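Going by my numbering, the letters in the sequence shown line up with residues 1 to 91, in that order. Beta carbons: idealized from backbone N, C-alpha and C, even for Gly. Since this is a predicted model, take the numbers as computed values, not measurements. Take a look at the structure set out below.
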Amino acid sequence: MVEECGPWLASLPDASWELYPPQRRAAAALDWDPVHGDRVQQLCFTAEGLDADGIVELLDSCLLTDEELASGEEGWKHLPDAFDDMLDPVA
Numbered sequence: 001m002v003e004e005c006g007p008w009l010a011s012l013p014d015a016s017w018e019l020y021p022p023q024r025r026a027a028a029a030l031d032w033d034p035v036h037g038d039r040v041q042q043l044c045f046t047a048e049g050l051d052a053d054g055i056v057e058l059l060d061s062c063l064l065t066d067e068e069l070a071s072g073e074e075g076w077k078h079l080p081d082a083f084d085d086m087l088d089p090v091a
């Protein structure tokens, strides 16, 4: 199951925040990052016999190396996109 909880509040004008329940605003404030605001992704896996170590190893293999991370946003533009082959090109 995949769920979403609406837009990141950090992506909205401040005046729009009042449109969201106080609980949503409080949850965003708890983990607010000075640069990224409430922009996060959370994954949850549940299953009998789940290979938790295997999942962690696979997810860790997706992380940037220290060198890639240090290259910053400009350097990241030159990294290969693993999803290119799965997406239809935009005409």
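I believe residue i touches residue j by the beta-carbon criterion, under 8 Å. Please report the beta-carbon distance rounded to the nearest angstrom.
{"i": "L12", "j": "D38", "result": "The pair is not a contact, with the Cβ atoms about 10 Å apart (cut-off 8 Å)."}
Per DSSP, which one or two residues make a beta bridge with residue i?
{"i": "D33", "result": "G37"}
Looking at the structure shown, is residue i part of a helix, part of a strand, or coil, going by DSSP?
{"i": "V2", "result": "coil"}
{"i": "E73", "result": "helix"}
{"i": "W17", "result": "helix"}
{"i": "E67", "result": "helix"}
{"i": "S11", "result": "helix"}
{"i": "D80", "result": "It is worth fixing the name first, because residue 80 is Pro in this sequence and not Asp. If DSSP states are grouped into helix, strand and coil, P80 belongs with coil."}
{"i": "D88", "result": "coil"}
{"i": "G49", "result": "coil"}
Identify which residue in the options has its Cα closest to the Cα of residue i.
{"i": "Q47", "options": "V40, Q41 and I55", "result": "Correcting the residue type first, residue 47 is Ala in the shown sequence and not Gln. For the residues V40, Q41 and I55, the minimum Cα distance to A47 belongs to I55."}
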